[in-house]
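Using our numbering, you'd call the opening residue of the sequence shown number 497 and step up by one each time.
To start, the structure under review is shown below, and the notes come after it.
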Amino acid sequence: MKAIILAGGFGTRLSEETTMRPKPMVEIGGKPILWHIMNIYSHFGIREFIIALGYKGEILKEYFLNFYAINNDISIDLSNGDINIHDGKQPDWKVHLIDTGLHTKTGGRLKRLENWIEKDETFMFTYGDGVGNIDIEKLLEFHHSHGKLATVTTVRTPARFGRISFGGDQVKQFYEKSQEAEGWINGGFFVLNKKVIDYIQNDESVWEQEPIKKLAKSGQLMGYKHDGYWSCMDTLKEKNILEDLWDSNKAPWKVWG
């Protein structure tokens, strides 16, 4: 199974960190938050990733092109340029780095990846700035149990985020930053069938708006309620909180060994 991760936004609310690099490359404990997200998936056996690039995508390409050297000890003979990488334990990931446009919106980025997904394939889809102790195995079990096209992982967090209204497990309405819905919000970590791409019009489509609202209205969007830890990294304050948790060995999202 593949996991698509959005990594192309400008990250303007974290401008202290993102003027020089895309938000998914902002580091927590010396590793990009993208690395943390990929480790969550990898722990549950999902090791093929499609990274949707946009803003400063070349930085992500450079990181993964040099991943093996960056994460191992190396010896360099400066007299002749010979390089020896001392092999260490590295993840068995397959990573596809795909340019989805500088100004493409979140839904448009997914639509541009249509040819990377097989017909009727089920895949994961999330943002490059959110972590949590999501049980991916249980999430997938829930998705397969209801037979709908889409599952969104819902989490509890303050009211500044868009909210979700439920009828049982079915998502009835998707509110954009409304105070009127229940205390559940979009936490990313979607499970989707390729048919959801039919709900996306073009590069200007924002995934969290028309496509999701259409899925909810047609009864094709279900919500997996995650009561555990979840956090996004929208601001420097949130980045510092994640950093403190990691440094104190109390990071709840570190589900891997």
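Note that CB positions come from ideal geometry on N, CA and C, so glycine has one too.
Since the model is a prediction, treat every value here as computed from it, not as a measurement.
Boundaries of the beta strand (DSSP E) harbouring MET620: 618–623, taken from the DSSP string. If you draw a straight line from the Cα of LEU502 to the Cα of ARG517, it is about 15 Å long. For the pair GLY679 and GLY626, the CB atoms are not nearer than the 8 Å cut-off. Taken in chain order, the unbroken stretches of alpha helix (DSSP H) that lie wholly in the stretch 507–559 and span 4 residues or more are 511–514, 529–539. Distances from the alpha-carbon of GLY753 to those of GLY526, HIS539, ILE696 put HIS539 closest. Going by beta carbons, TRP703 and THR602 fall inside the 8 Å limit.
Judged by DSSP secondary structure, ALA503 falls within the beta strand (DSSP E) whose first and last residues are 498–503. Fully contained in the stretch 563–618 are the following beta strand (DSSP E) runs of length 3 or more, in chain order: 569–573, 578–582, 590–595.
The C-beta distance from TYR537 to MET620 rounds to 7 Å, short enough to fall under 8 Å. When secondary structure is reduced to three states using DSSP, SER661 falls in the strand class. Going by DSSP, ILE693 is part of no beta strand (DSSP E) at all; its letter is neither H nor E. Between the C-alpha atoms of LYS750 and TRP531 there is a straight-line separation of about 11 Å. When the Cα atoms are used, ILE579 and TRP589 turn out to be separated by approximately 23 Å. By the criterion of at least three beta-carbon pairs nearer than 8 Å, the stretch 640–648 is in contact with the stretch 715–723.
For SER744, the secondary structure class from DSSP, reduced to helix, strand or coil, is coil.
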